[in-house]
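These notes are about the structure you will find just below.
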Amino acid sequence: MLVQFYNVSKVYSNGVKALDDISLKIDKGEFIFLMGASGAGKSTLVKLLFREELPTRGQIFLASRSVVRMKRAEVPKLRRNVGIVFQDFKLLENKTVSENVAFAMEVVGANTRDIKQRVPEVIKMVSLQGKEDSFPGELSGGEQQRVGIARALVNRPVLLIADEPTGNLDFETSTGIMELLYDINRKGTTVIMATHARELVKVAHKRIITLEKGKIASDNADGESIA
242 MLVQFYNVSK VYSNGVKALD DISLKIDKGE FIFLMGASGA GKSTLVKLLF
292 REELPTRGQI FLASRSVVRM KRAEVPKLRR NVGIVFQDFK LLENKTVSEN
342 VAFAMEVVGA NTRDIKQRVP EVIKMVSLQG KEDSFPGELS GGEQQRVGIA
392 RALVNRPVLL IADEPTGNLD FETSTGIMEL LYDINRKGTT VIMATHAREL
442 VKVAHKRIIT LEKGKIASDN ADGESIA
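Just so we're aligned, residue 242 is where the sequence shown starts under my numbering, counting upward by one.
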C-alpha cells in the first residue's frame with residue numbers, strides 16, 4: 242500500500258471544511274483520476290500528500306511513513322519521493338529546459354555527476370531531445386508541460402501528482418500528455434491526476450475517485466460509469 246488516508250478532515254482557519262472524514266487507500270503502481278467540482282477538496286487532498294497542508298484530524302501515510310507525525314527536518318525527503326506537475330507549468334523563464342530539470346535535483350542537494358547523468362535521461366523520456374537549450378518562452382504549451390513532467394520525475398519519485406496537467410492545453414496536445422503519463426505509470430510510478438477533463442477520463446478505464454463537498458462521492462475501478 243503506497244497511500245493511506247484514515248478519517249482525514251481539513252478545516253481552514255476561515256471555517257471552510259475542505260475535507261470531511263476521508264478514508265482511502267492507493268496501491269503502488271495505480272493510476273488514479275481525482276475528480277470533482279471546484280471547491281470539492283481535490284487541491285486540499287493533493288496538498289496534504291506532500292505536506293503543504295496538515296489535516297485538522299486523521300492520519301496520512303505515504304510508503305508506510307506518517308506524513309502527519311514526521312519531523313520538519315524529514316519533509317524534504319518526503320518531497321523528493323513526490324513529483325508534482327502543475328497546470329500552469331511553473332517553469333523558470335530564465336532557465337533552459339536542461340536547467341529547469343536540473344534545478345529540481347539541485348534543490349535537494351544532488352551531486353553534479355548525478356545531475357549530468359540523470360537530466361538527459363528524463364529529457365529523452367519526455368521526447369524533448371534537441372530542446373535542451375531552449376527557454377520556456379520558445380516552447381509550445383505541450384512542450385512546456387513535458388518539461389514540467391521531466392522536472393517532476395528527475396528525482397525518481399514513488400508518487401507523481403498531476404494537478405490539472407492538461408487544463409491549459411488543447412485536446413490533441415492533452416492526449417499526448419496523457420500517453421506520456423500512462424507510460425510513466427506502466428514503468429512503475431504511481432500517478433494521481435486531478436482533472437476536470439471528462440473526455441480524457443472516460444476513455445482511460447482507470448480508477449476514478451470523485452469528491453463532493455469534501456467527501457468521497459464515488460470510487461470507481463475502471464471509469465466506465467462516468468457520464
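Where is the CB? At the ideal position from N, CA and C, for every residue including glycine.
Taking three-plus beta-carbon pairs below 8 Å as touching, is the stretch 303–311 in contact with the stretch 433–453?
Between the stretch 303–311 and the stretch 433–453 there are fewer than three inter-stretch CB-CB distances shorter than 8 Å, so the stretches are not counted as touching.
With Y423 as the anchor, note down where its beta strand (DSSP E) starts and where it stops.
Y423 -> not in any beta strand (DSSP E); alpha helix (DSSP H) instead, spanning 412–427.
Beta-carbon gap between M366 and I356 smaller than 7 Å
Not closer than 7 Å, so no.
What does the Cβ neighbour count give for K318, buried or exposed, with the cut at 16 atoms within 10 Å?
Taking all protein chains shown into account, K318 has fewer than 16 neighbouring C-beta atoms within 10 Å of its C-beta and is therefore exposed.
Exposure of S279, with buried meaning 16 or more beta-carbon neighbours within 10 Å
With fewer than 16 other Cβ atoms within 10 Å, it is exposed.
Taking 7 Å as the limit between beta carbons, can you name the residues of its chain near L459, skipping five residues before and five after?
Leu is not the amino acid found at residue 459; the sequence shown has Ser there. Same-chain partners within the cutoff: T451.
Going residue by residue through the stretch 312–397, where are the continuous beta strand (DSSP E) segments of at least 3 residues, counting only ones entirely within it?
Runs found: 323–327.
Mind checking whether S400 and V323 have CB atoms under 7 Å apart?
Note on identity: in this sequence residue 400 is Leu, with Ser being the wrong assignment. V323 sits close to L400, with the two beta carbons spaced by under 7 Å.
To the nearest angstrom, how far is the alpha carbon of K336 from that of F376?
CA-CA distance, K336 to F376, rounds to 6 Å.
Pairwise C-alpha distance: I364 and E334:
Distance between the alpha carbons of E334 and I364 is about 17 Å.
Touch test, the stretch 384–392 against the stretch 407–426, Cβ-Cβ under 8 Å, three pairs minimum
A contact between stretches requires three or more CB pairs, one per stretch, nearer than 8 Å, and the stretch 384–392 meets this requirement with the stretch 407–426.
Among residues of its own chain, excluding the 5 on either side of V316, which ones have a beta-carbon nearer than 7 Å to its beta-carbon?
Excluding positions up to five away in sequence, the list reads R292.
For A259, count neighbouring Cβ atoms within 10 angstroms of its own Cβ and tell me buried if that reaches 16, exposed if not.
Buried, because 16 or more other Cβ atoms sit within 10 Å of the Cβ of A259.
Taking 7 Å as the cut-off, decide whether the C-beta atoms of V442 and F274 are in contact.
F274 sits close to V442, with the two beta carbons spaced by under 7 Å.
Specify, as a first and last residue, the run of the alpha helix (DSSP H) that K456 falls within.
Unbroken run through K456 is the beta strand (DSSP E), 456–461; no alpha helix (DSSP H).
Under 7 Å, do Q328 and E413 count as touching if we go by C-beta distance?
For Q328 and E413, no; Cβs fall outside 7 Å.
Are the CB atoms of D268 and G455 within a distance shorter than 7 Å?
Contact: no.
Please state whether DSSP places S254 in a helix, a strand or coil.
In the displayed model, S254 falls within coil according to three-state DSSP, outside both helix and strand.
Beta-carbon separation (whole angstroms), N248 vs G282, contact threshold 8 Å
About 14 Å; that fails the 8 Å criterion.
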